[in-house]
Amino acid sequence: WFDGTLAADGQSIGGKWTLGAMSFPVTFHRLERPHAIKRPQEPTAPLPYDVRQVRFTGPPGVTFAGELSTPRDATGPVPAVFLVSGSGPSDRDEYTAGHKPFLIIADYLTRRGIAVLRCDDRGVGESTGDRSTATSSDYADDALFAVRFLQTQPEVDPKRVGLIGHSEGGLIAPLAATRSADVAFVIMLAGPATTGERVLLSQRKLFLESIGAPPEVAAAMMRLSARMIELGKSALPVEEARRAAADAVDAELAALPEDYRKELSGLSAAMQSQVQTLSKPWMRFFLTYDPAATLSQVKCPVLALVAEKDMHVPADENAPIIEAAFGQSGNARARVVRLPGLNHLFQECQTGDSDEFARIEQTMSESALKAMAQWIESLYR
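Letter by letter, the sequence shown follows residues -11 to 369 of the working numbering.
Pasting the structure below:
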């Protein structure tokens, strides 16, 4: 949250932005007009392919709305993909930090002769349905409804329908593939290979390193993060878990120097809120689910693209596990490709930190887009 004060001249607001347990000084300045945001990869009319609005039925109570883009001059049915979004409510473009990654993927692949379906998540935008108790397992079923819808479209070859999943979507797509032979292939974009517990702890460690947290503060935060996850996975009532979180924070703060305790004044409230979030159905599934076990069971072709500067799903931690899972599966058509210089969104970047996402004009690197298109094409030569 942000707590600030309007300057006397009304031209700025200065204050403190609190993220989790850490606080940072932030100043907002009034502008005459918004800065123009450049997104040069976004397609403009006229398009060399066809796009139509679609709706189809999902699980009970869910109707999906989205867009299907199809090559205009195809001589017969074409391969097709459904794009599976990452964690949190996402629209059909997977709008993130001013970017529309799924729009860019759809444009690129359709120009290469591959049909693309992208939809608002259940309960988002024009799609209906309740997501309050849904987990990644439910979203895998949602993806299969999309696959079956694609198989009914006249432009699409029903035997060549695959899934492309980004981030959590890279966890969901392989899970869907183990449930149905209708999934002809899978592409994972920054898909995690470890449990959600390990993902969250890795992210916290990288974040603390990126902001230069003092060693004793970083160690305390890592212990607290592990404790919050433990409480989230437990069967404790939420209020009891919140009290346990507050006790854990008090114990850690008591061991820190006074200056650090002042800087971490909002820690107890932040951790109590975090443990409540960690207790929700989606998070409980995510914390304990092991993607590697699923990857070892996938029989269709799989391409796992790993971004070398990804700070959300670190390459060095995840790529070896994915490779080992593919080896265990005996799937000769599964491979891992590491792409240098790219962040979690597959943008060419400097640090890989998420604060770069919006500032980078590029939405997705040509190297990632080309890798996907060429791999799909190679399956059907």
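For each residue, glycine too, the CB sits at the ideal point set by N, CA and C.
Among the options, nearest to residue i - alpha-carbon criterion
i      : options                           : result
Val72  : Ala103, Gly158, Gly54 and His87   : Gly158
Ser115 : Arg211, Ala53, Lys250 and Ala257  : Ala53
Arg323 : Arg100, Met176, Val112 and Arg272 : Met176
Ser155 : Val294, His23, Thr166 and Lys250  : Val294
Leu244 : Pro279, Pro31 and Glu204          : Glu204
Thr63  : Ser267, Gly101, Tyr368 and Ser168 : Gly101
Ala178 : Leu252, Leu291 and Lys287         : Leu291
Pro421 : Leu252, Pro65 and Arg347          : The shown model of the chain, from -11 to 369, leaves out residue 421, and the question about it has no answer.
Asp278 : Ala313, Ser342 and Gln260         : Ala313
Gln29  : Gln362, Leu357 and Lys268         : Leu357
Ala242 : Lys26, Ser317, Ala208 and Gln262  : Ala208
Thr15  : Gly2, Ala206 and Glu305           : Gly2
Ala164 : Arg321, Ala303, Ala361 and Phe70  : Phe70
Leu341 : Leu196, Ser256 and Gln316         : Note that residue 341 corresponds to Asp in the displayed sequence, not to Leu. Of the candidates Leu196, Ser256 and Gln316, the one whose C-alpha sits nearest the C-alpha of Asp341 is Leu196.
Arg192 : Ser317, Met216, Gln316 and Glu55  : Met216
Ser366 : Gly329, Thr351 and Pro289         : Pro289
Gly315 : His300, Gln335, Glu296 and Val286 : Val286
Gly113 : Glu228, Arg80 and Asp95           : Arg80
Ala201 : Met360, Tyr248 and Leu97          : Tyr248
Glu354 : Gly329, Arg369 and Tyr368         : Gly329
Thr58  : Met352, Glu82, Ala206 and Ala94   : Ala94
Arg136 : Gly46, Ser78 and Trp363           : Gly46
Thr32  : Tyr96, Pro77, Thr51 and Gly(-8)   : Tyr96
Rounded C-alpha distance that separates residue i from residue j
i       : j      : result
Ala103  : Pro180 : 26 Å
Ile92   : Asp126 : 26 Å
Thr121  : Leu275 : 15 Å
Met10   : Leu194 : Legend: pLDDT at Met10 = 47, less than 50; position of this residue unreliable, value from coordinates given subsequently. C-alpha separation (whole angstroms): 14 Å.
Gln338  : Glu344 : 8 Å
Asp238  : Ile199 : 23 Å
Asp130  : Asp170 : 13 Å
Leu188  : Thr282 : 20 Å
Gly8    : Gly254 : Here the model assigns Gly8 a pLDDT of 44, short of 50, so the residue's position is not dependable and the matter cannot be decided.
Pro308  : Leu333 : 20 Å
Ser190  : Gly184 : 10 Å
Ala128  : Ile348 : 31 Å
Gly(-2) : His17  : 9 Å
Lys26   : Gly86  : 9 Å
Ala257  : Leu266 : 14 Å
Ser213  : Leu105 : 38 Å
His23   : Leu35  : 27 Å
Glu240  : Glu246 : 12 Å
Tyr37   : Asp61  : 8 Å
Arg110  : Asp118 : 7 Å
Ser0    : Ala346 : 22 Å
Gln139  : Val42  : 14 Å
Val39   : Glu311 : 37 Å
Ala223  : Gln264 : 12 Å
Thr84   : Gly74  : 10 Å
Ala233  : Leu219 : 8 Å
Pro55   : Phe173 : The sequence shown places Glu at residue 55, rather than the Pro named in the question. When rounded, the distance between both Cα atoms is 21 Å.
Gln141  : Asp298 : 36 Å
Glu251  : Trp270 : 32 Å
Glu305  : Leu327 : 15 Å
Arg99   : Pro67  : 12 Å
Ala134  : Pro302 : 29 Å
Range of the contiguous beta strand (DSSP E) that encloses residue i
i        : result
Val42    : Tyr37 to Thr45
Ser57    : Thr51 to Pro59
Arg186   : It is not in any beta strand (DSSP E) - Arg186 instead sits in the alpha helix (DSSP H) that spans Gly184 to Ser198.
Ala322   : Ala322 to Leu327
Phe(-10) : Phe(-10) to Leu(-6)
Unbroken alpha helix (DSSP H) run spanning residue i, endpoints
i      : result
Lys147 : Note, Lys147: premise wrong, no alpha helix (DSSP H); beta strand (DSSP E) at Val144 to His154.
Met360 : Glu354 to Leu367
Asn306 : Ala303 to Ser317
Ala280 : Pro279 to Leu283
Per DSSP, the bridge partner or partners of residue i
i      : result
Val69  : Val104 and Gly150
Asp118 : BP columns for Asp118 are empty, so no partner.
Asp129 : Answer is none; Asp129 lacks a bridge partner.
Leu293 : Leu177 and Val325
Glu336 : Leu330
Ile1   : Leu(-6) and Phe16
Cβ of residue i within 7 Å of any chain D Cβ
i      : result
Leu275 : The structure shown contains no chain D; it is built from a single protein chain.
Residue i: CB within 6 Å of a non-hydrogen atom of the ligand FAD
i      : result
Leu212 : The model on display carries no ligand, and the ligand FAD is accordingly not part of it.
### Task
Identify every run of the beta strand (DSSP E) within the region 218 to 271, keeping only runs that are complete inside it and at least 3 residues long; order them along the chain.
none
### Task
Entirely within the region 78 to 106 and at least 3 residues each: give me those beta strand (DSSP E) ranges in chain order.
none
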